Amino acid sequence: MKRILISTLVLNLLVITAFTLNADISFQLGTKTCMAKYKGSKQGIATLLSLHDNENTAIDAFNGLPKDTCFNLLEIHQNNLRTLTCNLNTKNYEFDPNRIFSDAGIDSTLKKYNSGITKFPAAVVTQIKTFSADLLKAYGARNRSTYTISIHNNTNEGSLSLTDYIRPNKYHQEARAVFAAEGKDLDDFFLVTELNDFNYLKGLNENVVLQSDNPTDDGSLSVYCAKNKIPYINIEAEHGHKAEQVDMLKIVYGLLKIR
């Protein structure tokens, strides 16, 4: 009897070890620290990437998925804001973590969030470039899929929506095709880089943007993936639309099952 109990205990420990892969990954940004929290299991079909620390509906949606829809998650944490901070020589430099995947993007986001500065110390740029490379490496090591998948949230007050890709403005030229689904909130939409994925989501009557073949280099992950021939999906939903984002995650799960 003791031998059976011991064997059962060992088996349980092995199951926990084999299928629970949670970890915290620390990145240095000068004297500041940024954490990437990884939640996952070997059953996860792919790893979702959450770059903005204040987009919490996306995290709630991940946590609300049914057991038969299994993703892993790599989530950036620092200060509960959209931006991250790098501190060098007692000075803070803010930047958008979804604008750091090219030199042009790093320069642009530093100028946007640090007014009055036109030229930034090389050490700051180097720190952010290193963070970008290390983040992509950490994500790649934990992603079983060929797809890179981001989860984001927007608001009704001036942030990105499907409308921006329909109207003739700076985003309009970034789209190769746009489909607006009947009866769907335009704040809840997918952005993809593959025509087959666009057609699949359009066929399900989902709001979807097919990114241009030659998008403007703004340093975003979608542009990085397009340039490097990596299939990319952004699952974008309005803050508070947890149920809608859960459904969108389930749809992407179904797409990945057939890819």
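Mind the numbering: the sequence shown is residues 1 to 259 in our numbering, read in order. Don't be surprised by glycine CBs; every beta carbon is placed ideally from N, CA and C. Bear in mind that the values here come from a model prediction, so they are computed numbers and not experimental data.
With fewer than 16 other Cβ atoms from the protein chains shown falling within 10 Å of its own Cβ, Ser26 counts as exposed.
Linking Ile258 to Asn234 through their CA atoms gives a straight-line distance of about 18 Å.
In the three-state DSSP reduction, Ala180 falls in the coil class, being neither helix nor strand. Ser108 sits in a helix when the DSSP states are folded into three classes. A contact between stretches requires three or more CB pairs, one per stretch, nearer than 8 Å, and the segment 165-182 fails this requirement with the segment 139-156. Closest option to Asn199, judged by alpha-carbon separation, among Leu255, Gln245, Lys119: Leu255. Phe131 has its alpha-carbon roughly 32 Å from the corresponding atom of Asn196.
The secondary-structure analysis by DSSP pairs Ile235 across a beta bridge with Ile151, Phe190. Classified as exposed, His172 has fewer than 16 neighbouring CB atoms from the shown chains inside 10 Å of its CB. If you check the CB distance, Tyr38 and Leu88 do not come in under 8 Å.
Take the alpha-carbon of Glu206 and the one of Ile128: they are about 35 Å apart. One thing to note: Thr193 has its Cβ within 8 Å of the Cβ of Tyr232. Contact check for Asn98 against Leu48 fails: the beta carbons are separated by 8 Å or more. Taken through DSSP and simplified to helix, strand or coil, Thr130 comes out as helix.
The alpha carbon of Gly219 has as its nearest neighbour, out of Cys34, Thr148, Thr109, the alpha carbon of Thr109.
Inter-segment contact for the segment 242-255 and the segment 208-223 is absent: fewer than three beta-carbon pairs are separated by less than 8 Å. Leaving aside the five residues that flank Ala104 on each side, the residues in its chain whose CB is nearer than 7 Å to its CB run, in chain order, Asp217, Gly219.
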